[in-house]
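Heads up: the sequence lines are chains F and W, in that order. Each residue of the first sequence is one higher than the one before, starting from -5 at the first, in my numbering. Each residue of the second sequence is one higher than the one before, starting from 91 at the first, in my numbering. To start, the structure under review is shown below, and the notes come after it.
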Amino acid sequence: MKKGKIIDLIFKITTTVFALTVVVIVILMIYNMIKQSMPAFNKFGLKFLTDTIWDPLAEKFGALPFIYGTIVSSMIALFIAVPFSLGAVLFLSEIAPEWIKEPVSFLIELLAAIPSIIYGLWGIFVLIPILRNYVEPFLAKYFGYLPFFKGEFYGCGMLAGGIILSIMIVPTISSISKDVFNSVPQTQREAALAIGATKWETIKLAVLNYSKTGVLGAIILGLGRALGETMAVTMVIGNCPKISISLFEPSYTIASVIANEFTEATSDLYISVLVEIGLILFIITIILNVCARLLVWSVSGKLKGKVIE
Amino acid sequence: MYNKIVQLKGETNMIKKLFTIITSLFLLSTNNFAERPLLINGAGATFPYPLYSKWFVEYTKVDSSVNFNYQSIGSGGGIRQIMAETVDFGATDGPMTDEQLKQAPGELLHIPTVAGAVAVTYNLPDINIRLNFSPEVIADIFLGKITKWNNEKILKDNPDINLPDKNIVVVHRSDGSGTTYIFTDYLSEVSVEWKSRVGKGTSVNWPVGLGGKGNEGVAGLISKTPYSIGYVELAYAVHNKLPYGAVKNKAGNFIVPNPTSTTAAIASKRFTMPEDFRVSLVNPEGKDAYPIAGFTWLLVYKNIKDKAKGEKIVKFLKWAVNDGQKYAEDLLYAPLPMDIVKLVEQKIRTIKY
């Protein structure tokens, strides 16, 4: 009995230490980033967020094109990946026959195991030519009146970056949503069917309604991956710090500029600027996560009592 | 239940045994390597990395009591690390600035090892003849002033080629690199407008074009984008069978980049070589010299604190600029001409330890 207590105590201490370590690491990271970005902050102040010129030689730095590129490319990724993953997972969990479920979900999850440099190379050698030769001319022809689809067909650019990201976050969103959908009690579905609901109505009433929070959580995780993804995006987005509304034009993300320029940055100010832009990415991620969390809370609040509706 | 406990006990015993075996093996192995070779750490430029790794392998055959560990983290990282004294030598493709040299805790020497050429590469479907480029044309293309392949300035240098009426897609490196440094150094030298609008550096604010990450990114974009133009290291263009142009040098000749024409670029600086070797090789005088070239340097302190390491480093540097040079050409780097080797050797002799 005594021995058991000691083991319990050891267990308690070890787990507490592990949990605290994570907190300490995050705090140290924030402290360090703030400390190192101070020279840049003192020099540029808040103008850093709104300036659009990035000229390392003249030591003129503005982060806006990178913030824009990061957010827009992640939004494109969500715009494509969310319907895609949810559709695929609903099919797998609600409609597909047993024999097809395993192989297809295995393939989707396999996407998560592919290293991002492979995605990048695939992007250059396969995706970009397809975009340039077929997709972009098609979009320009039929949707050219929209400002998003104007300009030269380079293939590489914001659209390519968004598409690569969407493929990379499909496994994240779909594997979590799959678990969420599977956790919906079978009785829910049976109840819906019993009151005469069709297949679609059952999915809408019993499954989707029940799993809103979980699915939102999955989307947040996907977004997190999209915001921070570096290598694959860098290889296809064109890396030009310019803001243009057209998705055909090249763009640049925060993660990409850090990866591209950190190794060759020598002056202290330059390094400080790169750390500061990393801090901005950190803050963007936190803001988006908080928003999403609030959304989840508001949705799950409304959900109460609605389940058996 | 009882069975399970017995089984568990058996497992813990086995784990204990395994642990003892592993620990004893570890102890034994450290004993065996009591006389380990001296480890010398270096970090920096990626551009000469293929050659340096070849050198470090070959050099262990000359002197097995020393082992080099080189991390190709980029020139900027190399400069930072040698200034922080976390490595025994640094390596860079762009020379350190006067300000950086002042900030360093001791006097740093630039030891040129080889030179490299940057090739202007392009993708023109159905054209198999090598293109000629004059300096103004290259500068105007990268400034965004020449936008079509059939621009009369390009046609003037290539009268026999039927150039298409297509927009030029400019591709440049997006990551900071020595290749970009050499290329922008060249453009600043030949174009006043480039010098004032953009300048030279490892990353610059490009007026036009798409950015590809690394030599492989630029090469990939060019090979997959018809009517594009860009620049890569010569070795990269040759190994990937990308077409590359001849560039008009100061003497007015169109020169194809290769180790010989790059060595000619070094040779044409022989009388004007500054004492610290921090010299740009772009746009040299020689009539056979390829104009877009640059040195790559190793950075070492003039006073090396660790006596044992200092001795080995000096011995290695002497080997590198003499016997080591024969490995350069196969990897498409330009070896140093003999008279420059003499100058570098004199400099190496001044290192104290």
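Note that beta-carbon positions come from the ideal geometry of N, C-alpha and C, so glycine has one too.
CB-CB length for residue i against residue j, believed under 8 angstroms
{"i": "W:P225", "j": "W:K359", "result": "At roughly 18 angstroms, the Cβ-Cβ gap does not stay under 8 angstroms, so W:P225 and W:K359 are not in contact."}
{"i": "F:G155", "j": "F:S245", "result": "7 angstroms"}
{"i": "W:T136", "j": "W:G164", "result": "6 angstroms"}
{"i": "F:S87", "j": "F:K(-3)", "result": "About 46 angstroms; that fails the 8 angstroms criterion."}
{"i": "F:G63", "j": "F:T247", "result": "5 angstroms"}
{"i": "W:I251", "j": "W:I236", "result": "In fact, because the Cβ distance is near 15 angstroms, the residues do not count as touching under 8 angstroms."}
{"i": "W:S293", "j": "F:E53", "result": "With a Cβ gap of about 12 angstroms, W:S293 and F:E53 do not count as contacting."}
{"i": "W:V372", "j": "W:E306", "result": "Not really, about 24 angstroms apart at Cβ, beyond 8 angstroms."}
{"i": "F:S169", "j": "F:E103", "result": "6 angstroms"}
{"i": "W:I78", "j": "W:G184", "result": "Outside the shown range of chain W (91 to 443) lies residue 78 of chain W, about which nothing can therefore be said."}
{"i": "W:Y212", "j": "W:P333", "result": "6 angstroms"}
Cα-Cα separation between residue i and residue j, rounded to whole angstroms
{"i": "F:A286", "j": "F:L215", "result": "10 angstroms"}
{"i": "F:I163", "j": "F:V267", "result": "29 angstroms"}
{"i": "W:Q415", "j": "F:E130", "result": "50 angstroms"}
{"i": "W:A124", "j": "F:V227", "result": "With a pLDDT of 48 at W:A124, under the threshold of 50, the modelled position of that residue is not reliable, and the figure given next carries that caveat. Cα to Cα, W:A124 sits roughly 47 angstroms from F:V227."}
{"i": "F:K41", "j": "F:G56", "result": "7 angstroms"}
{"i": "F:E270", "j": "F:L288", "result": "27 angstroms"}
{"i": "W:S143", "j": "F:L125", "result": "39 angstroms"}
{"i": "F:I239", "j": "F:L140", "result": "10 angstroms"}
{"i": "W:N218", "j": "W:N248", "result": "13 angstroms"}
{"i": "W:R439", "j": "W:Y423", "result": "25 angstroms"}
{"i": "W:V411", "j": "W:K405", "result": "10 angstroms"}
{"i": "W:T353", "j": "W:A341", "result": "16 angstroms"}
{"i": "W:V322", "j": "W:K303", "result": "11 angstroms"}
{"i": "F:E3", "j": "F:V11", "result": "Correcting the residue identity first, residue 3 of chain F is Leu in this sequence and not Glu. Going by the C-alpha atoms only, they are around 12 angstroms apart."}
{"i": "F:L43", "j": "F:S110", "result": "29 angstroms"}
{"i": "W:F130", "j": "W:F146", "result": "In the sequence on display, residue 130 of chain W carries Ile and not Phe. Each residue's alpha carbon lies about 11 angstroms from the other."}
{"i": "F:P77", "j": "F:I122", "result": "23 angstroms"}
{"i": "F:T9", "j": "F:I281", "result": "29 angstroms"}
{"i": "F:E184", "j": "F:K193", "result": "11 angstroms"}
{"i": "W:G167", "j": "F:D49", "result": "20 angstroms"}
{"i": "F:S99", "j": "F:F85", "result": "11 angstroms"}
{"i": "W:T386", "j": "W:F273", "result": "14 angstroms"}
{"i": "W:D230", "j": "W:I319", "result": "12 angstroms"}
{"i": "W:G291", "j": "F:T260", "result": "11 angstroms"}
{"i": "W:A325", "j": "W:V390", "result": "27 angstroms"}
{"i": "W:V282", "j": "F:N283", "result": "49 angstroms"}
{"i": "F:V290", "j": "F:T207", "result": "5 angstroms"}
{"i": "W:V152", "j": "F:N233", "result": "45 angstroms"}
{"i": "W:I74", "j": "W:V328", "result": "Only positions 91 to 443 of chain W appear in the structure, and residue 74 of chain W is not among them; the question remains open."}
Chain-ordered chain F contacts of residue i [CB-CB under 8 angstroms]
{"i": "W:G234", "result": "Ordered by position in chain F, no residue passes the 8 angstroms Cβ test against W:G234, which lies about 12 angstroms from the chain."}
{"i": "W:Q415", "result": "Residues of chain F passing the Cβ test: none, with the nearest at roughly 27 angstroms."}
{"i": "W:G196", "result": "The premise fails here: W:G196 is roughly 18 angstroms from chain F at the closest Cβ pair, so nothing lies under 8 angstroms."}
{"i": "W:G132", "result": "Going along chain F, no residue has its Cβ under 8 angstroms from W:G132, so there is no contact; the nearest lies around 15 angstroms."}
Contact list for residue i against chain W, beta-carbon separation under 9 angstroms
{"i": "F:I122", "result": "G310, L311, K314, T315"}
{"i": "F:T9", "result": "Per Cβ cutoff of 9 angstroms: no residues; F:T9 is ~22 angstroms from chain W at best."}
{"i": "F:T64", "result": "The premise fails here: F:T64 is roughly 15 angstroms from chain W at the closest Cβ pair, so nothing lies under 9 angstroms."}
Contact set between residue i and chain F, taken where Cβ atoms lie within less than 9 angstroms
{"i": "W:G453", "result": "Since the first and last residues shown for chain W are 91 and 443, residue 453 of chain W lies out of range."}
{"i": "W:V390", "result": "Residues of chain F passing the Cβ test: none, with the nearest at roughly 18 angstroms."}
{"i": "W:N257", "result": "E146"}
{"i": "W:G320", "result": "The contacting residues do not exist; W:G320 stays about 13 angstroms from chain F at best."}
{"i": "W:G384", "result": "Correct list: empty, because the minimum Cβ distance to chain F is about 15 angstroms."}
Chain-ordered chain W contacts of residue i [CB-CB under 8 angstroms]
{"i": "F:F119", "result": "G310, K314"}
{"i": "F:N254", "result": "S264, D265, G266, S293, G301, K303"}
Contacts that residue i makes with chain F (C-beta to C-beta distance below 7 angstroms)
{"i": "W:Q190", "result": "T260"}
{"i": "W:G376", "result": "Near W:G376 there are no residues of chain F at all, since even the closest Cβ is about 29 angstroms away, more than 7 angstroms."}
Discussion item. Please identify, using Cβ separations under 9 angstroms, the residues of the region 147 to 177 of chain F that lie next to chain W, in order along the chain.
Written reply: Within the region 147 to 177 of chain F, the qualifying residues are Y148, G149, C150, G151.
Discussion item. Closer than 8 angstroms between beta carbons: that is the criterion. Which residues of the region 159 to 180 of chain W meet it against chain F?
Written reply: I163, G164, S165, G166, G167, I169, R170
Worksheet item: Is the region 360 to 375 of chain W close to the region 419 to 439 of chain W, with three or more CB pairs under 8 angstroms?
Response: Contact between the region 360 to 375 of chain W and the region 419 to 439 of chain W is established, with three or more Cβ pairs separated by less than 8 angstroms.
Fill in: Segment contact flag, the region 200 to 212 of chain W with the region 154 to 161 of chain W, C-beta cutoff 8 angstroms, min 3 pairs
no
Worksheet entry | Contacting positions in the region 21 to 55 of chain F - beta carbon closer than 9 angstroms to chain W | I47, W48, D49, P50, L51, A52, K54
Worksheet item: Listed in chain order, which residues of the region 227 to 247 of chain F have Cβ atoms closer than 7 angstroms to some Cβ of chain W?
Response: T228, M229, G232, N233, C234, P244
Worksheet item: Do three or more CB pairs link the region 206 to 224 of chain F to the region 58 to 73 of chain F at distances below 8 angstroms?
Response: Yes, the region 206 to 224 of chain F touches the region 58 to 73 of chain F.
Practice prompt. Anything in the region 290 to 305 of chain W with a Cβ closer than 8 angstroms to a Cβ of chain F? List those residues in chain order, please.
Written response: Taking 8 angstroms as the Cβ-Cβ cut-off against chain F, the residues of the region 290 to 305 of chain W that qualify are K290, G291, T292, S293, V294, N295, W296, G299, L300, G301, G302, K303.
Fill in: Cβ contact (3+ pairs, closer than 8 angstroms) linking the region 233 to 246 of chain W and the region 262 to 269 of chain W
The region 262 to 269 of chain W and the region 233 to 246 of chain W do not touch, with fewer than three beta-carbon pairs separated by less than 8 angstroms.
Worksheet item: Taking a cut of 7 angstroms between CB atoms, which residues from the region 265 to 289 of chain W lie near chain F?
Response: D265, G266, S267, G289
Worksheet entry | Stretch pair the region 25 to 37 of chain F + the region 270 to 279 of chain F: three plus CB contacts closer than 8 angstroms | yes
Practice prompt. Give a yes or no on contact between the region 290 to 301 of chain W and the region 253 to 264 of chain W, applying the rule of three or more CB pairs nearer than 8 angstroms.
Written response: yes
Worksheet item: If contact means a Cβ-Cβ distance below 7 angstroms, which residues of the region 323 to 344 of chain W contact chain F?
Response: none
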